[in-house]
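Colleague: The sequence shown maps to residues 4 to 372 in our numbering. Glycine included, every Cβ here is placed at the ideal spot set by N, Cα and C. All figures in this text were calculated on a predicted structure; none of them were measured in a lab.
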Amino acid sequence: MANYILRRVLLMIPTLLGIMVLNFIIVQAAPGGPVEQIIAQLQGKSVSATARFSSGGGEVGGGAARPSAAQGAVESKYRGAQGIDPQLIKDLERQFGFDKPAHERFLLMMSRYLRFDFGDSFFRNRSVIRLLIDRLPVSISLGLWTTLLTYLISIPLGVAKAVRDGSRFDVWTSAVVIVGNAIPSFLFAILLIVLFAGGSYWQWFPLRGLVSDNWSDLDLWHKVTDYFWHITLPVLSMVIGGFAGLTLLTKNSFLDQIGQQYVLTARAKGLTERRVLYRHVFRNAMLIVISGFPSALISILFTGALLTEVIFSIDGIGLLGFQAAVTRDYPVMFGTLYCFTLLGLVMKLVEDLTYVLVDPRIDFERRGT
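Put into structure tokens, the structure is as follows:
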């Protein structure tokens with residue numbers, strides 16, 4: 004097993020590098036970079052206000068001056084740069100690191116990332132690592148509670164549906180599962196706000212945030228209750244969108260195993276249904292369910308919670324990455340991408356190790372993978 008873990012860890016290096024290279028190329032080719040963002044902001048200001056951004060002290064946006072060759076080059080390179088001092092553009096390029104070739108920027112970025120030095124945000128005046136540290140606990144909190152509740156609901160429900168396949172219970176619960184699968188989590192979040200957060204009916208839960216403003220002043224018991232009071236609606240909205248698929252996956256996995264020959268043999272030996280189900284079927288059927296746990300957790304942490312964080316005004320890592328993509332905050336974009344990718348690769352390894360814990364008969368060493 005140690006050799007297998009070592010091979011997987013070594014395989015992470017080219018995988019991570021390839022993902023970063025591909026995304027770096029795509030982002031560099033996309034229009035509306037940080038310099039364009041600043042230009043757009045400057046064009047919306049007055050000439051006197053804009054001139055203060057020029058370190059060279061030249062007036063920006065003078066309409067009477069004839070455009071120089073440098074000015075023409077700037078305007079051809081950056082859309083909307085008419086009237087902007089070329090020296091200001093050069094200063095901005097130097098500030099954002101665009102005065103270097105793309106391959107040098109990438110190598111410099113990866114050399115820093117190996118030390119987990121993600122630099123500073125372009126527009127937030129804070130280090131990327133500090134932004135991640137501040138936002139990550141929020142997303143982890145949402146993701147862990149959502150994943151835990153999803154599995155606690157889906158696995159028993161899926162097993163019960165498999166055992167009672169075709170019964171009235173199976174039909175009615177299938178209707179609930181289908182409805183839950185058809186409703187997007189963000190729409191269900193809006194419905195919960197309308198019903199229970201003072202939208203139109205009851206105001207039982209808070210509308211925004213993960214804790215109250217005076218949370219630090221509360222004692223331990225009230226801190227815990229305040230936290231669960233705030234997190235109830237966001238987690239419930241995310242569970243609705245995730246439990247349907249896992250329930251059906253659990254049911255189909257158990258149905259497939261129940262029809263196997265070893266189950267018929269166990270029954271012929273006189274074993275009880277409960278012993279057959281939980282001693283023989285459960286271990287084999289749960290393999291495919293467990294295999295989806297890491298990917299489900301990563302999806303909930305960094306993508307599934309995005310709209311929920313926006314609706315409930317929760318400052319999580321998904322919202323941070325989305326805002327960085329909109330504003331072209333490259334350090335935050337690539338820093339979060341690096342962390343997400345690395346975490347996803349590690350969780351994939353954890354998934355394989357979980358296989359072995361659930362079923363010791365699995366031996367990756369003999370498979371040579």
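Using the three-state DSSP reduction, which class does Ser316 fall into: helix, strand or coil?
Modeller: Coil, per DSSP.
Colleague: Identify whether Ala67 lies in helix, strand or coil by the three-state DSSP scheme.
Modeller: With a pLDDT of only 39 at Ala67, under the threshold of 50, the placement of this residue in the model should not be trusted; the figure read from the coordinates follows. Here Ala67 sits in coil by DSSP.
Colleague: Considering only their Cβ atoms, is the gap separating Ile156 from Thr253 smaller than 8 angstroms?
Modeller: For Thr253 and Ile156, no; Cβs fall outside 8 angstroms.
Colleague: Do Leu213 and Ile234 have their C-beta atoms closer together than 8 angstroms?
Modeller: The answer is yes: Cβ separation under 8 angstroms.
Colleague: Label Asp222 either buried or exposed according to how many other C-beta atoms from any shown protein chain fall within 10 Å of its C-beta, with 16 as the threshold for buried.
Modeller: Result: exposed.
Colleague: Would the segment 90-103 count as touching the segment 33-42 if we require 3 or more Cβ pairs under 8 angstroms?
Modeller: Touching, per the Cβ criterion.
Colleague: Do you know offhand how far Gln206's Cα is from Thr339's?
Modeller: If you take the alpha carbons of Gln206 and Thr339, they lie about 36 angstroms apart.
Colleague: Quick check: Arg129 and Asp120, are their CB atoms within less than 8 angstroms of each other?
Modeller: Result no, Cβ atoms of Arg129 and Asp120 do not sit closer than 8 angstroms.
Colleague: What's the C-alpha gap between Phe246 and Ile28?
Modeller: Using only the alpha carbons, I get a separation of about 37 angstroms.
Colleague: Are the CB atoms of Val30 and Tyr333 within a distance shorter than 8 angstroms?
Modeller: Yes; because the gap between Cβ atoms is below 8 angstroms, this pair is in contact.
Colleague: Buried or exposed for Lys164, please, with buried defined as at least 16 other CB atoms from any protein chain shown within 10 angstroms of its CB.
Modeller: Per the 10 Å Cβ criterion, buried.
Colleague: Would you mind sorting Phe231 into buried or exposed? The rule is 16 or more other CB atoms within 10 Å of its CB.
Modeller: It is exposed - the Cβ of Phe231 has fewer than 16 other Cβ atoms within 10 Å.
Colleague: Might you give, ordered along the chain, the residues of its own chain that have their beta carbon closer than 8 angstroms to the beta carbon of Ala67, omitting 5 neighbours on each side?
Modeller: Summary for Ala67: the model assigns pLDDT 39, below 50, so the residue's position carries little reliability; its value from the coordinates is reported in the next sentence. Excluding sequence neighbours, Ala67 sits near nothing in its chain.
Colleague: For the segment 110-145, which segments carrying the beta strand (DSSP E) assignment without a break, of at least 3 residues, lie completely within its bounds, in sequence order?
Modeller: Taking only runs of at least 3 residues, no beta strand (DSSP E) segment lies wholly in the segment 110-145.
Colleague: Ser316 and Arg211: beta carbons closer than 8 angstroms?
Modeller: Yes.
Colleague: List the DSSP bridge partners of Ala200.
Modeller: Beta-bridge pairing links Ala200 to Gln206.
Colleague: Just to confirm my understanding: we take Asp173, look at its own chain, exclude 5 residues before and 5 after, and list those with CB closer than 8 angstroms. What are they?
Modeller: Within the same chain, Asp173 has close Cβ partners Lys164, Arg167.
Colleague: Return the chain-ordered ranges of every alpha helix (DSSP H) run that is complete within the segment 231-298 and spans a minimum of 4 residues.
Modeller: Whole alpha helix (DSSP H) segments, 4+ residues: 264-271, 285-294.
Colleague: Using the beta-carbon count (16 or more within 10 Å), is Arg282 buried or exposed?
Modeller: Label assigned to Arg282: exposed.
Colleague: If you follow the alpha helix (DSSP H) that Leu19 is in, where does it begin and where does it stop?
Modeller: Taken as a continuous stretch (DSSP letters only), the alpha helix (DSSP H) holding Leu19 covers 5-32.
Colleague: Would you kindly work out how many angstroms separate the C-alpha atoms of Leu20 and Arg331, rounded to a whole number?
Modeller: Roughly 21 angstroms separates the two Cα atoms.
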